[in-house]
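Student: The structure follows.
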Amino acid sequence: MSVASAALLVAGCGLLPHPPEDAPTLTTTFDPRGTTFTLDPWHDPDSVAFLCLHRPGNEFTTSHPLPAASAQCQPIASTMGGSTFTARFVVDDLQPALRDAFLRSGPPWFLAVTGHPGVSDVLVQPIQDSPIPSDPGPS
130 MSVASAALLV AGCGLLPHPP EDAPTLTTTF DPRGTTFTLD PWHDPDSVAF LCLHRPGNEF
190 TTSHPLPAAS AQCQPIASTM GGSTFTARFV VDDLQPALRD AFLRSGPPWF LAVTGHPGVS
250 DVLVQPIQDS PIPSDPGPS
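Numbering of the sequence shown is given in this note's numbering, commencing with residue 130 and proceeding in unit increments.
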């Protein structure tokens, strides 16, 4: 193999999709303030995450990481630790315009995550369990 061919092969590897065995696993945990979504493995520390009332469309890509307004998405805080991406939805952080819509909503909701082209993929995952904590009632 020539040096040019080897360089092209190595340079092109960043553009190939991740193999299926490297697909992220989503774990969801709930608490009285909201929901934490964890993806592992995830490959892009600069990814962004949204929780949406409607599935984002084809406009949501790595080169355009913003869902359309019609998807009614709330940006959610995220962190990266090693190969683990964590996004945290907190009801108190809801934008006022979306608060009532989220509180009245039902499944499915959609977790939408993307990062940089060639580094990460676009993930839009339906969420069936309510990310909105229920009132525990009187104790």
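Every residue gets a Cβ at the ideal spot worked out from N, C-alpha and C, and that includes glycine. For clarity, every value in this text was computed on a predicted model and none was experimentally measured.
For G141, which residues of its own chain have a beta-carbon under 8 angstroms away from its beta-carbon, when the five flanking residues on both sides are left out?
Tutor: As a working note, residue 141 is residue 12 in the sequence shown. Summary for G141: the model assigns pLDDT 33, below 50, so the residue's position carries little reliability; its value from the coordinates is reported in the next sentence. Excluding sequence neighbours, G141 sits near nothing in its chain.
Student: Is the beta carbon of P170 closer than 7 angstroms to that of P153?
Tutor: As a working mapping, residue 153 is identified with position 24 in the sequence shown. As a working mapping, residue 170 is identified with position 41 in the sequence shown. A contact, by the Cβ cut-off of 7 angstroms.
Student: Have a look at A178, G211, W238 and flag the residue whose alpha-carbon is nearest the alpha-carbon of V251.
Tutor: Numbered from its first residue, the sequence shown carries residue 251 at position 122. The shortest Cα separation from V251 among A178, G211, W238 belongs to A178.
Student: Does the stretch 196-216 come close enough to the stretch 239-246 that 3 or more CB-CB pairs lie under 8 angstroms?
Tutor: Taking 8 angstroms as the limit for Cβ pairs, the verdict is that the stretch 196-216 does touch the stretch 239-246.
Student: I'd like the span of the alpha helix (DSSP H) that includes L229, first residue to last.
Tutor: Here the question's residue 229 lines up with position 100 in the sequence shown. With the sequence shown as reference, residue 229 is identified as Asp, and Leu is not the correct amino acid for it. Per DSSP, D229 belongs to the alpha helix (DSSP H) from 225-233.
Student: Quick check: what's the CA-CA separation for S212 versus T167?
Tutor: Taking the sequence shown and counting its residues from 1, one reaches residue 212 at position 83. Taking the sequence shown and counting its residues from 1, one reaches residue 167 at position 38. Between S212 and T167, the C-alpha separation is close to 10 angstroms.
Student: Spatial neighbours of P260 within its chain, please: CB distance less than 7 angstroms, with the 5 preceding and 5 following residues excluded, ordered by chain position.
Tutor: Translated into positions along the sequence shown, residue 260 becomes position 131. The residues are G163, T164, L180, F218, W238.
Student: Distance, Cα to Cα, L223 vs L182?
Tutor: Residue 223 sits at position 94 when you count from the first residue of the sequence shown. Residue 182 sits at position 53 when you count from the first residue of the sequence shown. Their backbone Cα atoms lie some 12 angstroms apart in a straight line.
Student: To the nearest angstrom, how far is the alpha carbon of D221 from that of D151?
Tutor: Here the question's residue 221 lines up with position 92 in the sequence shown. Here the question's residue 151 lines up with position 22 in the sequence shown. Straight-line Cα distance between these residues: approximately 34 angstroms.
Student: Give a yes or no on whether 7 angstroms exceeds the smallest Cβ distance from T165 to chain B.
Tutor: The question asks about chain B, but that chain is absent: this structure has only one protein chain.
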